[in-house]
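Participant: Oh and the sequence shown: position 135 is 320 in the working numbering, straight run, nothing missing. Built from N, CA and C at the ideal position, the CB exists for glycine as well.
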Amino acid sequence: MAFRSSLLLSQILFLFVVSSSSWTSATPAIQQTFFRCLSTNSKNSVPLSAYYTPNNVSAFTSVLNSTANNLRYLLPTAPKPVIIFTPLTEAHVQAAVICSRRFGLALRVRSGGHDYEAVSYVSQNESPFLVLDMSRLRAIQVDIPRGTAWAQAGATTGEVYYRIAQKSKVHGFPMGLCTSLGVGGHITGGAYGSMMRMFGLGADNVIDVRMVDSKGKILDRKAMGEDLFWALRGGGGGSFGVILAWKLKLVNVPQTVTVFTVTKTLEQGATKILYKWQKVAPKLDDRLFIRVIIQASSAELTANRTVMTSYNALFLGDPDTLLRIMGKRFPEMGLTRADCVQTSWIDSVLYIAGYPNTTAPEVLLQGKPLFRNYFKAKSDFVRTPIPVKGLLGLWKIYLQEEVPFMIWNPYGGAMARIPESASPFPHRCGTLFKIQYVATWQDGTKSMARHMSWIRKLYDYMGSYVSTNPREAYVNYRDLDLGMNKKGVNSLTEASSWGLRYFKSNFYRLVQVKTRVDPDNFFRHEQSIPPLSVKKGN
Ligand SMILES: Cc1cc2nc3c(=O)[nH]c(=O)nc-3n(C[C@H](O)[C@H](O)[C@H](O)COP(=O)(O)OP(=O)(O)OC[C@H]3O[C@@H](n4cnc5c(N)ncnc54)[C@H](O)[C@@H]3O)c2cc1C
Numbered sequence: 186m187a188f189r190s191s192l193l194l195s196q197i198l199f200l201f202v203v204s205s206s207s208w209t210s211a212t213p214a215i216q217q218t219f220f221r222c223l224s225t226n227s228k229n230s231v232p233l234s235a236y237y238t239p240n241n242v243s244a245f246t247s248v249l250n251s252t253a254n255n256l257r258y259l260l261p262t263a264p265k266p267v268i269i270f271t272p273l274t275e276a277h278v279q280a281a282v283i284c285s286r287r288f289g290l291a292l293r294v295r296s297g298g299h300d301y302e303a304v305s306y307v308s309q310n311e312s313p314f315l316v317l318d319m320s321r322l323r324a325i326q327v328d329i330p331r332g333t334a335w336a337q338a339g340a341t342t343g344e345v346y347y348r349i350a351q352k353s354k355v356h357g358f359p360m361g362l363c364t365s366l367g368v369g370g371h372i373t374g375g376a377y378g379s380m381m382r383m384f385g386l387g388a389d390n391v392i393d394v395r396m397v398d399s400k401g402k403i404l405d406r407k408a409m410g411e412d413l414f415w416a417l418r419g420g421g422g423g424s425f426g427v428i429l430a431w432k433l434k435l436v437n438v439p440q441t442v443t444v445f446t447v448t449k450t451l452e453q454g455a456t457k458i459l460y461k462w463q464k465v466a467p468k469l470d471d472r473l474f475i476r477v478i479i480q481a482s483s484a485e486l487t488a489n490r491t492v493m494t495s496y497n498a499l500f501l502g503d504p505d506t507l508l509r510i511m512g513k514r515f516p517e518m519g520l521t522r523a524d525c526v527q528t529s530w531i532d533s534v535l536y537i538a539g540y541p542n543t544t545a546p547e548v549l550l551q552g553k554p555l556f557r558n559y560f561k562a563k564s565d566f567v568r569t570p571i572p573v574k575g576l577l578g579l580w581k582i583y584l585q586e587e588v589p590f591m592i593w594n595p596y597g598g599a600m601a602r603i604p605e606s607a608s609p610f611p612h613r614c615g616t617l618f619k620i621q622y623v624a625t626w627q628d629g630t631k632s633m634a635r636h637m638s639w640i641r642k643l644y645d646y647m648g649s650y651v652s653t654n655p656r657e658a659y660v661n662y663r664d665l666d667l668g669m670n671k672k673g674v675n676s677l678t679e680a681s682s683w684g685l686r687y688f689k690s691n692f693y694r695l696v697q698v699k700t701r702v703d704p705d706n707f708f709r710h711e712q713s714i715p716p717l718s719v720k721k722g723n
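Below is the structure:
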């Protein structure tokens, strides 16, 4: 029976590949066959409401678009899945893996949909494909006496913060500043946030996991062994299995913290202050995280346009202590008592995420991003301060774009103390800060080529000022310009082009783990970790 349905699906899928006109007619049959397989292989019944095909265009499009963060990958030309399945139980996830493998259907896993290049819901190198959307598996259990929490993959960062704060004013968790990220994908790539200088990354504070492997088996930390557990905490999503849930070690935060934002334009001495920030911010008290958000003063390319550098900060302490530190170490920024806002940790989360002042924390339960754009982003790590001359050249290119955007995040503190090989995330000691470059636009394909070309030009310019051999990049800021796996089979050489930038020499250990746990490369995408050689039959 299984063989017959497999044959039927292969034929249907073949038709789908060779002829786009067969797409619509093939879909109902795929739906029935795959759905039957899910139901047969899951110990919990599978409701039809968890299952979407292009047959029902409006429901299908609505669920596909629901968390997709980069509008560039929702354009009509972007490849679409043949099925989206939103599991309601762990057994459903197991069945999805078993059936995808049985029918040779490529699987993409999505939790929060924030992948910069959308590999969680768009496949550029394989068709047809299925999206396993984890958004309905989003339970969070917080255990304050033990200082831990379990969060299912589909929960957002904001929901986790909210549930912790609901139970305690003095506990938190150090992951993303953005509150709509899915913890399933976010933590697999590292997960930095405004407490990283004090506590490290989200991935550094995970103590257990539940994951479905390529055979459909559920593994926890003990069952999977330390090597795979290591790989999951920073090795990037979509390479080793489907994360069901993470067990988080909560951290202690003060009852009140201090936040501020101070903005300096070029006319107010922004260049010199930013030059000083590069030397000071990575060496400040671990409790102090001052990032720099860099924008243009207007979207019009006029002569009086300027660059605005906003110092946006969290201090895990009181304003008086903060003012003392800043007065001594960074007086050039000119922080005053009036700039400082003393608040609870959960309100600081809203502040840093960019919500208006009066927003109630309940907004975090909506799990929605503040905005969505067409965008392209890239990243760099800096190990030596960029000289003033370099900054002046940067501003020239910067002001050629309508809505240029950069965020500079300071490292040091706990980030520098955690050894480079402790997790796959290697950007530790010696890193002064990370740069994220973003080009955004709103008019779809109309101006896309111009923005893509601008960000690549900016990246080329910055090459002389950032890390080299390799030029490091952050895996959670996925950038397909760095290279892509070719259809189906990944070669180590191809993958090294991005693997060494994301993971440095940890890349080789990731490949070893992959070879052991998923030798036939079932979990794969444009930048997944390749096994040493792909077994036949995949
Ligand atoms: C607006 C915005 C703000 C951001 N802010 C931050 C920040 O403050 N700090 C930071 O570190 N990063 C940040 N990021 C980057 C973010 O961490 C990554 O995009 C991350 O991969 C998002 O996870 P996700 O589950 O939302 O994305 P998805 O698109 O769902 O998944 C991302 C990757 O993980 C895989 N994956 C997803 N779920 C699972 C699962 N359950 N099991 C296995 N693999 C899975 C996917 O296949 C894909 O490869 C930001 C991104 C955006 C768009």
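Below 7 Å, is the gap between the Cβ of residue 373 and the nearest heavy atom of ligand 1?
Facilitator: As a first step, residue 373 must be located in the sequence shown, where it is residue number 188. Checking the Cβ of residue 373 against ligand 1 gives yes.
Participant: With a cut-off of 8 Å on the beta carbons, I'd call residue 474 and residue 498 a contact; round off their distance for me.
Facilitator: Position 289 of the sequence shown, counting from 1, holds the residue named residue 474. Position 313 of the sequence shown, counting from 1, holds the residue named residue 498. At roughly 6 Å, the Cβ-Cβ gap stays under 8 Å, so residue 474 and residue 498 are in contact.
Participant: Using the three-state DSSP reduction, which class does residue 322 fall into: helix, strand or coil?
Facilitator: Within the sequence shown, residue 322 is the residue found at index 137, counting from 1. In this structure, residue 322 counts as coil in the three-state DSSP scheme.
Participant: Would you mind sorting residue 425 into buried or exposed? The rule is 16 or more other CB atoms within 10 Å of its CB.
Facilitator: Taking the first residue of the sequence shown as 1, we reach residue 425 at position 240. The residue is buried, with at least 16 neighbouring Cβ atoms inside 10 Å.
Participant: Which residues does DSSP list as the beta-bridge partners of residue 566?
Facilitator: In the sequence shown, counting from the first residue as 1, residue 566 sits at position 381. According to DSSP, which records beta bridges pairwise, residue 566 is partnered with 619.
Participant: Taking the alpha-carbon positions, what's the residue 422 to residue 214 distance?
Facilitator: Residue 422 sits at position 237 when you count from the first residue of the sequence shown. Residue 214 sits at position 29 when you count from the first residue of the sequence shown. Roughly 31 Å between the two C-alpha positions.
Participant: Using beta-carbon positions only, say whether residue 366 and residue 333 come within less than 8 Å of one another.
Facilitator: Within the sequence shown, residue 366 is the residue found at index 181, counting from 1. Within the sequence shown, residue 333 is the residue found at index 148, counting from 1. No. Outside cutoff.
Participant: Rounded to a whole number of angstroms, what is the C-alpha to C-alpha distance between residue 657 and residue 253?
Facilitator: Taking the first residue of the sequence shown as position 1, residue 657 is located at position 472. Taking the first residue of the sequence shown as position 1, residue 253 is located at position 68. In a straight line, the C-alpha of residue 657 is about 26 Å away from that of residue 253.
Participant: What residue range is occupied by the uninterrupted beta strand (DSSP E) comprising residue 495?
Facilitator: Working through the sequence shown from its first residue, we reach residue 495 at position 310. First-last of the beta strand (DSSP E) with residue 495: 492–500.
Participant: Locate the alpha helix (DSSP H) running through residue 700, then write down its first and last residues.
Facilitator: Locating residue 700 in the sequence shown gives position 515, counting from the first residue. Looking at the DSSP string, the run of the alpha helix (DSSP H) that includes residue 700 is 691–702.
Participant: Using beta-carbon positions only, say whether residue 292 and residue 322 come within less than 8 Å of one another.
Facilitator: Here residue 292 corresponds to residue number 107 of the sequence shown, with the count starting at 1. Here residue 322 corresponds to residue number 137 of the sequence shown, with the count starting at 1. It is not a contact, given that the beta carbons lie outside the stated cut-off.
Participant: Under 8 Å, with one C-beta from each stretch per pair, do the region 573–580 and the region 626–641 reach the 3-pair mark?
Facilitator: Touching, no, given that fewer than three Cβ pairs across the two stretches are closer than 8 Å.
Participant: Output needed for residue 235: all residues of its chain with C-beta closer than 8 Å, excluding positions within five of it in sequence on either side, in chain order.
Facilitator: In the sequence shown, residue 235 corresponds to position 50, counting from 1. Answer for residue 235: 270, 271, 272, 273, 277, 321, listed in chain order.
Participant: Return the first residue and the last residue of the beta strand (DSSP E) that residue 591 is part of.
Facilitator: Translated into positions along the sequence shown, residue 591 becomes position 406. Note, residue 591: beta strand (DSSP E), 589–595.
Participant: Can you give me the C-alpha to C-alpha distance between residue 386 and residue 600, rounded to a whole angstrom?
Facilitator: Walking along the sequence shown from the start, residue 386 turns up at place 201. Walking along the sequence shown from the start, residue 600 turns up at place 415. Near 8 Å, if we compare the C-alpha coordinates of residue 600 and residue 386.
Participant: Helix, strand or coil, according to DSSP, for residue 390 in the structure here?
Facilitator: Taking the first residue of the sequence shown as position 1, residue 390 is located at position 205. Reduced to three states, the DSSP call for residue 390 is helix.
Participant: Identify whether residue 208 lies in helix, strand or coil by the three-state DSSP scheme.
Facilitator: Locating residue 208 in the sequence shown gives position 23, counting from the first residue. Low per-residue confidence applies at residue 208: pLDDT is 37, beneath 50, and the placement is therefore not dependable, though the value from the model is reported in the following sentence. Three-state result, residue 208: helix.
Participant: Report all residues from its chain with a CB closer than 8 Å to the CB of residue 448; omit the five preceding and five following residues, and keep chain order.
Facilitator: The residue you call residue 448 lines up with position 263 of the sequence shown. Same-chain partners within the cutoff: 493, 494, 495, 496.
Participant: In this structure, what does DSSP give as the bridge partners for residue 294?
Facilitator: Here residue 294 refers to the residue found at position 109 of the sequence shown. DSSP lists 317 as partners of residue 294.
Participant: Do you know offhand how far residue 397's Cα is from residue 613's?
Facilitator: Residue mapping note: residue 397 aligns to position 212 of the sequence shown, counting from 1. Residue mapping note: residue 613 aligns to position 428 of the sequence shown, counting from 1. In a straight line, the C-alpha of residue 397 is about 30 Å away from that of residue 613.
Participant: Buried or exposed: where does residue 695 fall if 16 or more other Cβ atoms within 10 Å of its Cβ makes it buried?
Facilitator: Working through the sequence shown from its first residue, we reach residue 695 at position 510. The residue is buried, with at least 16 neighbouring Cβ atoms inside 10 Å.
Participant: Does the Cβ of residue 684 lie closer than 7 Å to at least one heavy atom of ligand 1?
Facilitator: Residue numbering aside, residue 684 sits at position 499 when the sequence shown is read from its first letter. No; taking the cut-off as 7 Å, the Cβ of residue 684 has no heavy atom of ligand 1 nearer than that.
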